[in-house]
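Heads up: the structure comes next, in structure tokens.
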Amino acid sequence: MARMLRVALRPYFLGLLALMVVATLVCGLLATWQWDRAHRAMSDQAAGAQELGDIREVVDIGGAVTNEIVGDIVTATGQFDAEEQIIVPGRSIDGQDAVIIVAALHVPLEDGTDALLPVARGWVAADAVTGPDGELDPSLAPPVPEGDVVVSGRLEASEAAAGGIEDGVAGEIATPLLVNVWGSPMYSGYLADVDPIDGLNPMPEAQSAFSKGLNWQNIGYSMQWVLFGAFFLYLWWRSVRSVHLDELEDQREAMLESLEGGPAAASDETSSEGTSSDEPSLTENSSAEGAALRGPSALSSATLGSSASSSSNPSSSTPASSQAAPASDKDV
Amino acid sequence: MPTTRPLDEVAVRTSFARFRVASIVEGIALLVLVSIMIMRYVVFGGDAPFTSTSDTWTSISKSWSPIHGLIYMIYVVLGFDLWVKMRWRLPRMALLMFFGVIPVLSFFGERWTHQAVESDLKHRPTVQDGEAATRNREG
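Sequences listed follow chains A and B, in order. Each residue of the first sequence is one higher than the one before, counting from 801 in this note's numbering. Each residue of the second sequence is one higher than the one before, counting from 6 in this note's numbering.
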């Protein structure tokens, strides 16, 4: 293990480690980003409804009512038009068959023109707007207040349009439908009156899959980034281990050859590895551990050489002679 | 990377067989994805870029995209496995993963990888070489 650590501490692998750590950190940042994304709707909901003030300061005409501002309280000043009121039946609120009353508020803009803001003024029981013939009758709905009014309510995103509007009856509070009846310009969301006038019940909070809480897709992405980040570090470790095992094998091979082949083979092995002699002070390109392992092989060749009449083969064991006459033991 | 540490030829061949299947499957999956994208954004494209007028192709695209993502991930894992067994250098891993990104390239990448594997098995020592040598020496 200590030897593997020494491989890991080489400049090449330190550089590679720095690179991999940077990659892992980037992955970590991306994981955090996705994690925040997953919790954004939830943390925004936990913060509760905020007072955002006048709608003209909050969202542009046609601008998106984003998840961030949905459900927050805004105020709008303007006038209702008695002609522009519809009913949205078929809702179940508090276990009752409910009908929502929606009217257009004309909000004066700075440039002197008006913009339309659909206002869900509240809801009534279906019976209240059902005529004697059993049909829904929008004219039975409480009439809009006259003159300048200030409406305060939750900003909600438009519902998805599924049907149309016929005779003042709509299936959804959908601005794409309303704009066809009331005209433009129109805000893309609607206001749910939290403090309705007499005879109307306050609107419950709108629910959508979009704002329900944890976004599991983002949680999944976050986990993927963590995985990718860990992979870079694993890759580095894998590279270090691979080089370490390569070197161990090389050295084992060298040792085996030096033991089997005797002095001649041993010196041949070391010369092929780029060192010119058996000296312990090796050339610069071989590491400390190379020296540590080549130590015994040099030792064994020396002892073998001396026991088997070293005088007959002087070139291999002594450093000076091998440097002086290198050609003699390189011809194998 | 001259090294005497032998490759495990059996493990390498098993790994390559898996990678080959993944290459072909990923290649087909990517072509399917590209076709769906063309149907969604070009044939039934809206006025603005990356909008569609076809709900059918939008929903087909939304179902196939994550499936293709999963197939590509499996391809990457199997490519990594082969790379580990071959003990290639780092850039080659990026190359193997890149093969799966460009349409049609994975088919050629698979052939190229096959040649690289065969050539390495021929020129680098393998565990099986060693066993054969030992058998010869003993026998």
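For each residue, glycine too, the CB sits at the ideal point set by N, CA and C. Small disclaimer: the values here were computed from a predicted structure and weren't measured.
9 Å Cβ cutoff met for residue i and residue j
{"i": "F1031/A", "j": "V821/A", "result": "no"}
{"i": "R954/A", "j": "L978/A", "result": "no"}
{"i": "S40/B", "j": "F49/B", "result": "no"}
{"i": "L12/B", "j": "M78/B", "result": "no"}
{"i": "I997/A", "j": "P945/A", "result": "yes"}
{"i": "M986/A", "j": "G895/A", "result": "no"}
{"i": "F85/B", "j": "G32/B", "result": "no"}
{"i": "V929/A", "j": "V902/A", "result": "no"}
{"i": "G968/A", "j": "S939/A", "result": "yes"}
{"i": "M842/A", "j": "H1044/A", "result": "no"}
{"i": "A1006/A", "j": "E959/A", "result": "yes"}
{"i": "L101/B", "j": "F24/B", "result": "yes"}
{"i": "V785/A", "j": "L905/A", "result": "Lying outside 801 to 1132, the shown extent of chain A, residue 785/A is not represented and no answer is given."}
{"i": "L126/B", "j": "E14/B", "result": "yes"}
{"i": "G828/A", "j": "W1016/A", "result": "no"}
{"i": "L817/A", "j": "W1036/A", "result": "yes"}
{"i": "F196/B", "j": "T118/B", "result": "Beyond the ends of chain B as shown, which are 6 and 144, falls residue 196/B; an answer cannot be given."}
{"i": "R1038/A", "j": "V89/B", "result": "yes"}
{"i": "S9/B", "j": "E1049/A", "result": "In the sequence as presented, Ser is not what sits at residue 9/B; that position holds Thr. In contact: T9/B and E1049/A (Cβ atoms closer than 9 Å)."}
{"i": "V907/A", "j": "A876/A", "result": "yes"}
{"i": "Q834/A", "j": "Y1021/A", "result": "yes"}
Residue i: contacting residues in chain C (beta-carbon distance under 9 Å)
{"i": "T9/B", "result": "Given the protein chain composition of this structure (A and B), no chain C is represented."}
Proximal chain B residues relative to residue i, where beta-carbon distance stays under 8 Å
{"i": "S988/A", "result": "Ordered by position in chain B, no residue passes the 8 Å Cβ test against S988/A, which lies about 17 Å from the chain."}
Under 7 Å by beta carbon: chain A residues contacting residue i
{"i": "L75/B", "result": "None at all; the shortest Cβ gap to chain A is about 11 Å."}
{"i": "R92/B", "result": "S1042"}
{"i": "V89/B", "result": "R1038"}
Pairwise C-alpha distance: residue j and residue i
{"i": "A27/B", "j": "N1018/A", "result": "27 Å"}
{"i": "A925/A", "j": "W62/B", "result": "42 Å"}
{"i": "P1002/A", "j": "V951/A", "result": "13 Å"}
{"i": "I29/B", "j": "G983/A", "result": "56 Å"}
{"i": "S1100/A", "j": "L1059/A", "result": "Here the model assigns S1100/A a pLDDT of 43, short of 50, so the residue's position is not dependable, and the following value carries that caveat. Using only the alpha carbons, I get a separation of about 7 Å."}
{"i": "V981/A", "j": "D933/A", "result": "26 Å"}
{"i": "L83/B", "j": "V132/B", "result": "22 Å"}
{"i": "V122/B", "j": "T866/A", "result": "54 Å"}
{"i": "G1061/A", "j": "Q120/B", "result": "36 Å"}
{"i": "G871/A", "j": "P1004/A", "result": "11 Å"}
{"i": "S124/B", "j": "K67/B", "result": "42 Å"}
{"i": "P130/B", "j": "L75/B", "result": "36 Å"}
{"i": "P54/B", "j": "P943/A", "result": "45 Å"}
{"i": "V148/B", "j": "A864/A", "result": "In the structure as shown, chain B begins at 6 and stops at 144. Residue 148/B is therefore absent and cannot be evaluated."}
{"i": "M42/B", "j": "A16/B", "result": "38 Å"}
{"i": "P976/A", "j": "R116/B", "result": "55 Å"}
{"i": "D854/A", "j": "G971/A", "result": "28 Å"}
{"i": "G98/B", "j": "F813/A", "result": "One detail in the question is off: residue 98/B reads as Met in this sequence, not Gly. Cα to Cα, the separation comes out at about 17 Å."}
{"i": "L830/A", "j": "L819/A", "result": "17 Å"}
Listed by chain order, chain A residues near residue i by CB distance under 9 Å
{"i": "L95/B", "result": "L816, L1035 and S1039"}
Exercise for the section: Taking 8 Å as the threshold, find out whether the stretch 810-829 of chain A comes into contact with the stretch 1045-1057 of chain A through three or more Cβ pairs. Expected result: no
Problem - Length at least 4, wholly inside the stretch 63-114 of chain B: the alpha helix (DSSP H) runs in chain order - result: For the stretch 63-114 of chain B, whole alpha helix (DSSP H) runs of length 4 or above, ordered along the chain, are 95-104.
Handout entry: Cβ pair count under 8 Å reaching 3, the stretch 883-892 of chain A against the stretch 848-859 of chain A
Key = no
Problem - Contact the stretch 832-841 of chain A vs the stretch 961-979 of chain A: 3+ CB pairs below 8 Å - result: no
Practice task
Run through the stretch 802-838 of chain A for me and flag every whole alpha helix (DSSP H) of 4 or more residues, listed as ranges in chain order.
Solution key: 802-808
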